[in-house]
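Q:
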Amino acid sequence: MALLPQILPSPRLAAASASPHSAFRRAPRLLHSSVSAGRRARGRLATAAGASGSGSSSSPEPYHPPESDDGLVELPLFPLPLVLFPDATHALHIFEFRYRIMMHTVLQTDLRFGVVFAGSGGSGGAADVGCVGEVVKHERLADDRFFLICKGQERFRVARVVRTKPYLVAADAEALASDVEALMRDVIRIANRLNGKPEKDVGDLRRGLFPTPFSFYVGNTFEGAPREQQALLELEDTAARLRRERDTLRNTLNYLTAASAVKDAFPSSPSSG
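UniProt numbering applies: residue 1 is where the sequence shown begins, and numbers increase by one.
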């Protein structure tokens, strides 16, 4: 059953009223750093796709989130006393120094950050599962505070915390899922060539699936290897499951690539009558 997005009041009205957002002040304290807060602009409402401030007319280079050696994507975290669901929207008032720094980074990159439930006062620490929030509208004030509206995109699981200052940064499994999809596409392409089938674009294998259901979809395609499928099923961590699938697909791709090279080097001659 689809949930309707929450109907939000104006960010200014939400900030002026005694809203639960006052609990943001009680988030777990983190150390500050000397990272520059970046350029400051006059407060104005802007869409996420539009430029804030005068800026230049040249197109920025495409941003790719930092990726660690094990294929996890780094995601800035915003611990809050609320839960964000995919497709739901929330109005936020950003006033703490560390999170103003985070918003400068987010607005200059891919507009995405992770929302994790931390409870009032941050008791018990932040949850391991959160939702990616994308900034759809924002207003930057003269004192460098922000009003913004974010929309939930997809769930993620924190594999580990890689930094705690000036704000939390965690790693999730999105990049692993993208790697697995690319490997599957290559395996299908070369397998079709070896079987004499015409090469064609494989298309979108993810079909909008989050990393966890996509990892189960990939495991289901490993037909003929029930022991490997059982091992994948028993893994509780999505990143570990995707890493194992990535290794299996790499081995398969290497084998198929070698077989294709042999076939090209020694084509079978037509049989004589």
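Here a beta-carbon is modelled for each residue, glycine too, at the ideal position from N, C-alpha and C.
Could you give the DSSP three-state label for residue 172: helix, strand or coil?
A: strand
Q: In angstroms, rounded to a whole number, what distance separates the CA positions of residue 186 and residue 199?
A: Within the model, the alpha-carbon separation for residue 186 versus residue 199 is close to 11 Å.
Q: Just mark residue 201 as buried or exposed, buried being the case when its beta carbon has 16 or more other beta carbons within 10 Å.
A: exposed
Q: At what residue ranges does the segment 150 to 205 contain a whole run of the beta strand (DSSP E), taking only runs of 3 or more?
A: 160 to 163 and 169 to 172
Q: For a test of the three-state rule: what should DSSP assign to residue 130, helix, strand or coil?
A: strand
Q: Of the choices 183, 240, 78 and 174, whose alpha-carbon is the least far from that of residue 253?
A: For the options 183, 240, 78 and 174, the alpha carbon positioned closest to that of residue 253 is the one of 183.
Q: If I measure Cβ to Cβ from residue 246 and keep anything under 6 Å in the same chain, skipping five residues before and after, which residues do I get?
A: 179 and 180
Q: Please determine, among 191, 197, 236 and 211, the residue with the shortest C-alpha to C-alpha distance to residue 261.
A: 191
Q: On the DSSP bridge list, what partners appear for residue 148?
A: 92 and 138
Q: Among the candidates 96, 244, 156 and 206, whose CA atom is the shortest distance from the CA of residue 73?
A: 156
Q: What span of residues does the alpha helix (DSSP H) with residue 97 cover, start to end?
A: 97 to 108
Q: Whether or not the segment 226 to 233 and the segment 160 to 176 are in contact is what I'm after, with contact meaning three or more pairs of Cβ atoms, one per stretch, closer than 8 Å; do they touch?
A: no
Q: Across the segment 89 to 101 and the segment 138 to 150, are there enough close Cβ pairs to call them in contact, namely three or more that are closer than 8 Å?
A: yes
Q: Where does the unbroken beta strand (DSSP E) through residue 112 begin, and where does it stop?
A: 112 to 117
Q: Along the chain, where does the beta strand (DSSP E) containing residue 79 start, and where does it finish?
A: 73 to 80
Q: Using a 10 Å radius around the Cβ and a threshold of 16 neighbouring Cβ atoms, would you call residue 264 buried or exposed?
A: exposed
Q: Classify residue 256 as helix, strand or coil using the three-state DSSP reduction.
A: The three-state reading of DSSP puts residue 256 in helix, counting H, G and I together.
Q: Given a cut-off of 8 Å on the beta-carbon distance, is the pair residue 211 and residue 242 in contact?
A: Yes, these two residues count as a Cβ contact at 8 Å.
Q: Identify whether residue 265 lies in helix, strand or coil by the three-state DSSP scheme.
A: helix
Q: When you compare only the Cα positions, how much space is there between residue 170 and residue 136?
A: 22 Å
Q: Sort 104, 125 and 209 by Cα distance to residue 79 and report the nearest one.
A: 125
Q: Where does residue 211 fall in DSSP's three states?
A: helix
Q: Leaving out five residues before and five after residue 193 in sequence, what residues of the same chain have Cβ atoms less than 7 Å from its Cβ?
A: 199 and 260
Q: Measure the C-alpha to C-alpha separation of residue 87 and residue 189 and round it to an integer number of angstroms.
A: 34 Å
Q: Do residue 116 and residue 77 have their beta-carbon atoms positioned less than 8 Å apart in this structure?
A: yes
Q: Excluding the 5 residues flanking residue 127 on each side, which residues of the same chain have their C-beta closer than 7 Å to its C-beta?
A: Once the five neighbours on either side are set aside, the close Cβ partners of residue 127 are 116 and 117.
Q: For residue 225, does the three-state DSSP call read helix, strand or coil?
A: coil
Q: Considering only residues of the same chain and omitting the five flanking positions on each side of residue 133, which have a CB-CB separation below 8 Å?
A: 78, 84, 90, 112, 113, 114, 115, 150, 151, 152 and 153
Q: By Cβ distance, which residues of its chain are closer than 8 Å to residue 119, with the 5 residues on each side in sequence left out?
A: 81
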